[in-house]
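S.K.:
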Amino acid sequence: MASRKAVGEVVGSVSMLAITIALLGGASYLAFSSIDGAAALVGGSAQSEARQAGLLVTVVGFQSNATGTYIWLFDYGWESSPVGSVLINAQPVRWSTNCASEWSGTLCVLTLPQGANGPTTVVIGGKSLEVSL
301 MASRKAVGEV
311 VGSVSMLAIT
321 IALLGGASYL
331 AFSSIDGAAA
341 LVGGSAQSEA
351 RQAGLLVTVV
361 GFQSNATGTY
371 IWLFDYGWES
381 SPVGSVLINA
391 QPVRWSTNCA
401 SEWSGTLCVL
411 TLPQGANGPT
421 TVVIGGKSLE
431 VSL
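In the working numbering, the protein residues as written are 301 to 433.
(1) Quick one: is residue 416 buried, meaning 16 or more other Cβ sit within 10 Å of its Cβ, or exposed?
(2) CB-CB under 8 Å to residue 393, same chain, minus the five flanking residues each way: which ones, in chain order?
(3) Out of 433, 334 and 322, state which residue places its alpha-carbon closest to the alpha-carbon of residue 372.
(4) What did DSSP end up calling residue 428 once you bin it into helix, strand or coil?
(5) Could you tell me whether the stretch 415-429 touches the stretch 362-369, where touching means 3 or more Cβ pairs closer than 8 Å?
(6) Could you pull out every residue in the same chain whose Cβ sits closer than 6 Å to the Cβ of residue 361, ignoring the five residues on either side in sequence?
(7) For residue 393, does the three-state DSSP call read helix, strand or coil?
(8) How is residue 384 classed by DSSP in three states: helix, strand or coil?
(9) Between the alpha carbons of residue 404 and residue 410, how many angstroms are there, rounded?
(10) Can you tell me whether residue 358 is buried or exposed, with buried defined as 16 or more other CB within 10 angstroms of its CB?
(11) Thinking just about the alpha-carbon of each residue, which of 336, 337 and 375 is nearest to the one in residue 355?
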């Protein structure tokens, strides 16, 4: 008789444990789906704001040495545009770049002739970046 009572207690404990695990699993599923929904809402809002801001490019650095003059650019926006032109002292100069037509979120290098110096304007997608070489 005592062994039946012990078996009943074990079965009761196991069933309570199973119910508790099921309830906690359901609650955690609801919590995680709520967090995912909030993250998607915030991410969508941030992406919308970034798109409205348009092209966001900055000059990371520049260097001039024996092989040429280099300007490092970073596009941290959602929109991208290729480099259109480069002016030094308001005069167009020849240049090359590794920037692809779609380079958002990446770093690219603009290569200018050796000895290039003076006020430099880099035109990208209708926006101008000013660099003093």
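Virtual Cβ for every residue (Gly too), placed ideally from N, Cα, C.
Here the structure is a predicted model, which is why all the values come from computation and not from measurement.
M.R.: Quick look at the numbers:
(1) Position 116 of the sequence shown, counted from the start, is the residue given in the question as residue 416. Per the 10 Å Cβ criterion, buried.
(2) By 1-based counting over the sequence shown, the position of residue 393 is 93. The answer, listed in chain order, is 386, 387, 412, 413 and 416.
(3) Walking along the sequence shown from the start, residue 372 turns up at place 72. When only C-alpha atoms are compared, the closest one is 433.
(4) In the sequence shown, the residue the question calls residue 428 occupies position 128. Note: residue 428 maps to strand in three-state DSSP.
(5) yes
(6) Here residue 361 corresponds to residue number 61 of the sequence shown, with the count starting at 1. Closer than 6 Å at Cβ, skipping near neighbours: 372.
(7) The count along the sequence shown starts at 1 and reaches residue 393 at position 93. Note: residue 393 maps to coil in three-state DSSP.
(8) For this step, residue 384 is matched to residue 84 along the sequence shown. Correct three-state label for residue 384: strand.
(9) Counting from one through the sequence shown, the residue named residue 404 turns up at place 104. Counting from one through the sequence shown, the residue named residue 410 turns up at place 110. Rounded to the nearest angstrom, the two C-alpha atoms are 15 Å apart.
(10) Along the sequence shown, one-based indexing puts residue 358 at 58. Label assigned to residue 358: exposed.
(11) As a working mapping, residue 355 is identified with position 55 in the sequence shown. With distances taken between Cα atoms, residue 355 lies closest to 375.
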